[in-house]
Ligand SMILES: [Zn+2]
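In the working numbering, the protein residues as written are 7 to 310.
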């Protein structure tokens, strides 16, 4: 849809949306508001960001961790592997379901830092990654030696090529067209390709989410000014619905919980942070009691 059309739910395609409690975001001299879908309970931002908004959102500051490395210094990924962090969960699921033995090649769509590819490479897979920004891709190649390209170059170079595993990690929620991302994955799939998808469930139930929502409602902030990088917000059922609607047959679907956006380190120096840390950790433990509680999902499936 373009910005002039009536907003639709990008998860279930319903057009009957109502306002959602998230304060509007003022970004790039525009006001973005949030709408909720009464059918699947997802939320979506409106208007959808355009190309210029995206350029503002994902500038150089978004990969500051690469820019601060010394000239010939390579990126060390171990800082990402802390417990209760979403990257660590993605790798834990990779091991749990033994994806390393499910094929020989892996395509990572929206690979970010490339941590998933690096890990999969160590497990013996031949990996290829795609990202949007040309500058980011060339910097990342220099700092990681991974095989990467932009979407444009990839589509030219890989005509007719398929991969055994395709990973989409924490990327769908950034897309103004999740259906298109899944269709792109399908284009590079053969009949046995396993599509592995990880992401947040920002409208799912768990103690920390409930607390964040309650505090936000009490604060009644007029607006925020962060870059609105997340376009869709899903829960356990709506996330699954998106995959079913795109003709994926489920192999695995699980919920986990990260401590982010609450602190994942305890510190005596900042009392409020310590309290938030304890709440986040309690929430993680509480969510272990029920399989649908949490704020992250892991999915694997095949196209029908
Ligand atoms: Zn919906």
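Note that beta-carbon positions come from the ideal geometry of N, C-alpha and C, so glycine has one too.
Enclosing beta strand (DSSP E) for residue i [first to last residue]
i: residue 206; result: 195-206
i: residue 302; result: 302-309
i: residue 136; result: 132-137
i: residue 278; result: That residue, residue 278, is in no beta strand (DSSP E); its alpha helix (DSSP H) goes 277-293.
i: residue 26; result: That residue, residue 26, is in no beta strand (DSSP E); it is neither H nor E in DSSP.
i: residue 40; result: 36-42
i: residue 32; result: 31-33
Endpoints, the alpha helix (DSSP H) within which residue i is located
i: residue 313; result: Outside the displayed span of the chain (7 to 310) sits residue 313, for which this structure offers no information.
i: residue 5; result: Here the chain comprises residues numbered 7 to 310, so residue 5 is not present and cannot be evaluated.
i: residue 261; result: Element bounds for residue 261: not the alpha helix (DSSP H) but the beta strand (DSSP E), 254-262.
i: residue 16; result: Here residue 16 belongs to no alpha helix (DSSP H), and DSSP marks it neither H nor E.
i: residue 243; result: 242-251
i: residue 63; result: 57-63
Option nearest residue i by Cα separation, candidates the options
i: residue 294; options: 213, 308 and 236; result: 213
i: residue 251; options: 13, 12 and 18; result: 18
i: residue 25; options: 291, 56, 33 and 44; result: 44
i: residue 310; options: 159, 140 and 191; result: 191
i: residue 33; options: 60, 15, 20 and 46; result: 60
i: residue 72; options: 260, 144, 39 and 289; result: 144
i: residue 204; options: 79, 142 and 99; result: 99
i: residue 118; options: 129, 146, 131 and 105; result: 146
i: residue 254; options: 241, 101 and 188; result: 188
i: residue 93; options: 120, 218, 80 and 75; result: 120
i: residue 16; options: 127, 39 and 245; result: 245
i: residue 206; options: 308, 232, 97 and 241; result: 241
i: residue 228; options: 67, 142 and 37; result: 37
i: residue 21; options: 42, 27 and 149; result: 42
i: residue 150; options: 233, 82, 276 and 67; result: 82
i: residue 125; options: 141, 142 and 104; result: 104
i: residue 28; options: 232, 87 and 160; result: 232
i: residue 80; options: 142, 128, 148 and 67; result: 148
i: residue 261; options: 95, 272, 129 and 230; result: 95
i: residue 57; options: 291, 67 and 180; result: 180
i: residue 208; options: 274, 259 and 303; result: 303
i: residue 62; options: 35, 87, 230 and 165; result: 35
i: residue 66; options: 127, 87, 272 and 141; result: 141
i: residue 97; options: 127, 77, 274 and 159; result: 127
Cβ-Cβ separation, residue j to residue i (assumed contact under 8 Å), whole Å
i: residue 30; j: residue 23; result: No, residue 30 and residue 23 are not in contact; Cβ-Cβ is about 15 Å, not under 8 Å.
i: residue 210; j: residue 301; result: 6 Å
i: residue 202; j: residue 70; result: Incorrect: roughly 28 Å between the Cβ atoms, too far for contact.
i: residue 139; j: residue 40; result: Going by Cβ atoms, the distance from residue 139 to residue 40 rounds to 26 Å, so no, they are not a contact pair.
i: residue 200; j: residue 257; result: 7 Å
i: residue 54; j: residue 182; result: 4 Å
i: residue 90; j: residue 281; result: The pair is not a contact, with the Cβ atoms about 17 Å apart (cut-off 8 Å).
i: residue 184; j: residue 248; result: 6 Å
What runs of the alpha helix (DSSP H), each 4 residues or longer, lie entirely inside the stretch 73-128?
92-102 and 121-128
Quick one: any contact between the stretch 234-243 and the stretch 50-65, if contact means 3 or more CB pairs under 8 Å?
yes
Runs of alpha helix (DSSP H) lying entirely within the stretch 144-188, each at least 4 residues, in chain order:
157-163
Would you call the stretch 169-176 in contact with the stretch 99-117, where contact means no fewer than 3 C-beta pairs closer than 8 Å?
yes
Which residue spans inside the stretch 208-239 form an unbroken alpha helix (DSSP H) run of at least 4?
213-225
Contact between the stretch 213-223 and the stretch 184-202: three or more CB pairs below 8 Å?
no
Could you check whether the stretch 123-136 touches the stretch 148-166, counting it as contact only if at least three pairs of C-beta atoms, one from each stretch, sit closer than 8 Å?
yes
Do the stretch 99-109 and the stretch 175-184 meet, that is, are 3 or more Cβ pairs less than 8 Å apart?
no
Would you call the stretch 252-268 and the stretch 279-292 touching, i.e. three or more CB-CB distances under 8 Å?
yes
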